[in-house]
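**Student:** Heads up: the sequence shown begins at 4 in my numbering, then just goes up one per residue. First the structure, then my questions, so here it is.
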Amino acid sequence: MLETAISARYRRYQRAAGLLILITLGLMFVVLWTANRQLGLFSQPYVLYGFLDNVRGLSRATPVTLAGLKIGEVRDLVITDYNRIRIELILDRKYQPRIRQNSAAEVKADLLGNARLEISMGAPDQPMLPDQALLAFQRSSDLDALLKQAQEQLAQIAAVLSNVRVITDELRQPDGPLLGTLRGFAQITAQLQPLLQNLTLMSGEMQQMATDLAAVSVRIRQGEGMLGGLTDRRSPLSRDVAASVRKLRETLAGLEQLASQLPRYGRLVEQILRQTETLTAQLAKASGQAPALLEKSRGIAEDAGEVIGGIKRSAVLQALSPPEPPRSLFDAPRAAVWPVTTTP
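See the structure below:
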């Protein structure tokens with residue numbers, strides 16, 4: 004009996020130990036499976052690098068997401084010789100086809116200050132980033148910058164509200180400048196209403212005129228009326244106008260030819276004027292000798308008259324011709340034409 008009890012107890016202990024070992028192995032398997040999913044302990048990791056001037060909010064084990072899905076974490080942060088910080092990322096290799104040459108990692112932070120790295124998906128036509136490649140990094144607007152922008156916008160809103168308050172205070176005053184301006188504007192609009200009505204009437208008349216002009220233009224194109232006759236080459240009026248234009252062109256050509264000859268005529272007129280001045284000077288010189296010549300001519304005429312009178316009184320001449328009434332030598336017939344010589 005004692006041996007049977009001891010063996011039964013021993014079997015119970017064995018079963019409990021085996022069950023405990025199985026539970027421990029199951030827990031270890033679950034822990035290792037979870038760690039493998041999160042850290043990829045049993046898979047080859049996918050490592051990328053990047054550089055930033057300021058890694059505020061970032062630390063080791065900062066999560067890395069792709070389109071909001073966690074694919075890895077930050078493994079190391081190292082300051083380089085160029086005063087920049089080198090960031091090493093360890094990622095799940097199965098997401099490597101999603102990360103392309105144009106992908107970029109952006110540092111984002113929530114309101115509580117928790118940071119994360121968000122990697123953008125690359126374009127399918129871009130090459131895939133290999134392991135140990137350099138990934139472009141950039142920082143998004145942090146909370147301090149957003150608060151500063153919000154303060155600036157609030158200051159602008161406060162200025163606008165102060166202006167609105169001033170306008171409302173002026174509106175409350177019956178004799179304020181704003182109400183006076185509004186009343187003046189109302190008066191101007193009331194005065195502009197008749198003008199607008201007149202403009203409306205004028206626009207209607209102008210539309211009617213445009214319609215009439217369109218009808219007239221159609222008639223002109225069809226060759227009706229005087230303007231249509233002018234535009235139609237086959238009409239007699241158009242041919243007359245063309246002939247008049249040709250004559251006018253010929254007249255203008257003759258005028259141009261005459262204008263080209265005017266300088267030569269001008270030179271001839273100047274030459275004639277110079278000759279006239281010379282003749283005038285010679286006549287003036289000869290006019291001074293004219294009285295003496297007239298006296299000599301009168302004396303010669305008197306002598307000739309005496310000689311002729313003596314001949315007429317002679318008995319022989321009186322016998323040959325009947326007597327005539329006496330006439331002075333200087334009396335000439337009225338119809339006589341004296342020859343006039345012109346100097347060239």
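C-beta: ideal position from N, C-alpha, C; glycine also.
Let's see if you can read the secondary structure: which residues bound the beta strand (DSSP E) around V58?
**Tutor:** As a position in the sequence shown, residue 58 is number 55, starting the count at 1. That residue, V58, is in no beta strand (DSSP E); it is neither H nor E in DSSP.
**Student:** Would you grab the beta carbon distance between L94 and V67 for me? Rounded to a whole angstrom, and I think it's under 8 Å.
**Tutor:** Translated into positions along the sequence shown, residue 94 becomes position 91. Translated into positions along the sequence shown, residue 67 becomes position 64. Confirmed, Cβ separation roughly 6 Å.
**Student:** Which residue marks the beginning of the beta strand (DSSP E) containing D79, and which one marks its end?
**Tutor:** Residue mapping note: residue 79 aligns to position 76 of the sequence shown, counting from 1. That run of the beta strand (DSSP E) goes L72 to I82.
**Student:** Hey, out of L72, Y52 and G187, whose CA is closest to I82's CA?
**Tutor:** Here residue 82 refers to the residue found at position 79 when the sequence shown is read from its first residue. Comparing Cα positions, the closest option is Y52.
**Student:** Judging by CA-CA distance, which residue of Q47, G207 and R168 is the nearest neighbour of Q99?
**Tutor:** By one-based count along the sequence shown, residue 99 stands at place 96. Nearest of Q47, G207 and R168 to Q99, Cα basis: Q47.
**Student:** Roughly how far, in whole angstroms, is the beta-carbon of D56 from the beta-carbon of R87, given that I think they are within contact range, below 8 Å?
**Tutor:** Counted from its first residue, the sequence shown places residue 56 at position 53. Counted from its first residue, the sequence shown places residue 87 at position 84. The pair is a contact, with the Cβ atoms about 6 Å apart (cut-off 8 Å).
**Student:** Going by DSSP, what residues sit across from P266 in a beta bridge?
**Tutor:** To locate residue 266, count along the sequence shown from 1; it is residue 263. In DSSP, P266 forms no bridge with anything.
**Student:** Which residues in the same chain have their Cβ closer than 6 Å to the Cβ of L138, if we skip the five residues on either side of it in sequence?
**Tutor:** As a position in the sequence shown, residue 138 is number 135, starting the count at 1. Here the set comprises L51, G53 and A108.
**Student:** Can you tell me whether P66 is helix, strand or coil according to DSSP?
**Tutor:** As a working mapping, residue 66 is identified with position 63 in the sequence shown. Note: P66 maps to strand in three-state DSSP.
**Student:** Rank S62, N117 and D84 by C-alpha distance to the C-alpha of L92 and give the top, closest one.
**Tutor:** Within the sequence shown, residue 92 is the residue found at index 89, counting from 1. Closest option to L92, Cα to Cα, is S62.
**Student:** How big is the Cα-Cα spacing for S106 and R78?
**Tutor:** Working through the sequence shown from its first residue, we reach residue 106 at position 103. Working through the sequence shown from its first residue, we reach residue 78 at position 75. So the alpha carbons of these two residues sit roughly 20 Å apart.
**Student:** Straight-line CA distance for E6 to R18?
**Tutor:** Numbered from its first residue, the sequence shown carries residue 6 at position 3. Numbered from its first residue, the sequence shown carries residue 18 at position 15. Going by the C-alpha atoms only, they are around 18 Å apart.
**Student:** What did DSSP end up calling L138 once you bin it into helix, strand or coil?
**Tutor:** Within the sequence shown, numbered from 1, the residue matching residue 138 stands at position 135. Correct three-state label for L138: coil.
**Student:** To the nearest angstrom, how far is the alpha carbon of N117 from that of R12?
**Tutor:** Here residue 117 refers to the residue found at position 114 of the sequence shown. Here residue 12 refers to the residue found at position 9 of the sequence shown. Distance between the alpha carbons of N117 and R12: 56 Å.
**Student:** Along the chain, where does the beta strand (DSSP E) containing I102 start, and where does it finish?
**Tutor:** Translated into positions along the sequence shown, residue 102 becomes position 99. No beta strand (DSSP E) contains I102, which DSSP labels as neither H nor E.
**Student:** How would you call L265, buried or exposed, if buried means at least 16 neighbouring beta carbons within 10 angstroms?
**Tutor:** By one-based count along the sequence shown, residue 265 stands at place 262. That one is exposed.
**Student:** How many Å lie between R270 and Q285 at the Cα?
**Tutor:** As a working mapping, residue 270 is identified with position 267 in the sequence shown. As a working mapping, residue 285 is identified with position 282 in the sequence shown. Cα to Cα, R270 sits roughly 23 Å from Q285.
**Student:** Please report the straight-line C-alpha distance between M31 and L22, rounded to a whole angstrom.
**Tutor:** Here residue 31 corresponds to residue number 28 of the sequence shown, with the count starting at 1. Here residue 22 corresponds to residue number 19 of the sequence shown, with the count starting at 1. Roughly 14 Å between the two C-alpha positions.
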